[in-house]
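The block underneath contains the structure these notes are about, expressed in structure tokens.
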Amino acid sequence: METAMETRFGEILSRAQETGRAVGAFTCYDLLGFEAVVRAAESYRAPVIILVSPSSFGAQGGGRLVRAFRAAAKASSVEVLVQLDHAGDERLIERAADCGVEAVMADGSKLPFAENLAFARSVVRSMRPRGVGVEAELGRVEGHEDEAGETLSGATTEPGDAEEFVKQSGVDCLAVAVGNVHGHYSGTPELDWGRLEEVRARISASLSLHGASGLPEADLERAVSLGVAKFNVNTELRMAYFR
Ligand SMILES: [Zn+2]
1169 METAMETRFG
1179 EILSRAQETG
1189 RAVGAFTCYD
1199 LLGFEAVVRA
1209 AESYRAPVII
1219 LVSPSSFGAQ
1229 GGGRLVRAFR
1239 AAAKASSVEV
1249 LVQLDHAGDE
1259 RLIERAADCG
1269 VEAVMADGSK
1279 LPFAENLAFA
1289 RSVVRSMRPR
1299 GVGVEAELGR
1309 VEGHEDEAGE
1319 TLSGATTEPG
1329 DAEEFVKQSG
1339 VDCLAVAVGN
1349 VHGHYSGTPE
1359 LDWGRLEEVR
1369 ARISASLSLH
1379 GASGLPEADL
1389 ERAVSLGVAK
1399 FNVNTELRMA
1409 YFR
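Quick note on numbering: the sequence shown equals residues 1169 to 1411 in the working numbering.
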């Protein structure tokens, strides 16, 4: 599938990668969390992505929350982009776009390859004309996105599959599973750097790494040097919030 125009999401990520950086994406559940993340981004003069989980968007007031984030984003001195995270339901994705999200994660990673691809293609087809960027996941980043339990790493991303998936879906960004997990790592995390490099070399889309909470800083730096353009962080924020 040809990607006719670049979305703002795709543009922010490719600009980060070109300058040897990555964009942080942080799950926020209310305006207090949003304020903390955006202030931190402003202090670094860095663009930032605010993630809204499907459970908080699907709950009472979820639409209002997204609209509030979008309004508050306009009042910040850095680029702030709001993304619906880990959505497996196209109706939820449509509704989030109606509320103004500028990116969605179409998460079909639990599905077999062909179904995951069909889902991602369909979301790209409906979202791209609206300027909404799409991220998908291939392989399986294990762990619950909305909980902070200990997790073992899941099925890793095959570079050949990643190439075909990106070509045929037209997604802006691909989340890879290379030993990263959501939540806490049981033991020392060991990322498969060779696999990450091979995936990076074979696809045109940006790469994201979920489960960045708990990865040592040196690992994050190495991942950026290998071309990862987006990190998803939730567990560390949640721990700080509850403290
Ligand atoms: Zn995730």
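Built from N, CA and C at the ideal position, the CB exists for glycine as well.
None of the values given here were measured: they were computed from a predicted structure.
Any non-hydrogen atom of ligand 1 closer than 7 Å to Val1272 Cβ: no
Alpha-carbon spacing of Thr1325 relative to Glu1203, whole angstroms: 34 Å
Any non-hydrogen atom of ligand 1 within 7 Å of His1352 CB: no
Boundaries of the alpha helix (DSSP H) in which Ile1371 is found, first to last residue: Where Ile1371 is concerned, there is no enclosing alpha helix (DSSP H), given that its DSSP letter is neither H nor E.
Ligand 1 heavy atom lying under 7 Å from the CB of Asn1348: no
Pick from Ala1236, Met1407 and Glu1365 that is closest to Gly1328, judged by C-alpha positions: Glu1365
CA nearest to the CA of Glu1305, picked from Ala1193, Ala1345 and His1352: Ala1345
contact_flag[the region 1211-1220, the region 1331-1350] where n(CB pairs < 8 Å) is 3 or more: no
Integer-rounded CB distance, given that Gly1347 should sit under 8 Å from Leu1375: With 8 Å as the limit, Leu1375 and Gly1347 do not qualify as a contact, their Cβ atoms being about 14 Å apart.
For Met1273, the first and last residue of its enclosing beta strand (DSSP E): Ala1271 to Ala1274
Glu1170 (DSSP reduced to helix, strand or coil): Residue confidence is low: Glu1170 scores 47 on pLDDT, short of 50, so the model does not pin down where it sits. No coordinate-derived value is stated.
The region 1172-1181 in contact with the region 1290-1309 per 3-pair CB rule at 8 Å: yes
Under the three-state DSSP convention, the category Leu1394 falls into: coil
Three-state secondary structure (DSSP) of Gln1228: coil
beta-carbon Val1309 near ligand 1 non-hydrogen atom, thresh 7 Å: yes
Distance between Glu1331 and Arg1370 (C-alpha atoms, nearest Å): 6 Å
Contact set for Gly1415: own chain, Cβ-Cβ below 7 Å, skip 5 residues either direction: Outside the shown range of the chain (1169 to 1411) lies residue 1415, about which nothing can therefore be said.
Contacts around Ser1245, its chain only, beta-carbon distance under 6 Å, and the 5 residues preceding and following it disregarded: Glu1210
Among Ala1282, Leu1233 and Ser1277, the one whose alpha carbon lies nearest that of Cys1267: Leu1233
Unbroken beta strand (DSSP E) run spanning Val1344, endpoints: Cys1341 to Val1344
8 Å Cβ cutoff met for Ala1240 and Leu1199: yes
Asn1400 CB to nearest heavy atom of ligand 1 below 7 Å: yes
Boundaries of the alpha helix (DSSP H) in which Gly1301 is found, first to last residue: That residue, Gly1301, is in no alpha helix (DSSP H); its beta strand (DSSP E) goes Gly1301 to Leu1306.
Coil, strand or helix - Tyr1409 by DSSP: helix
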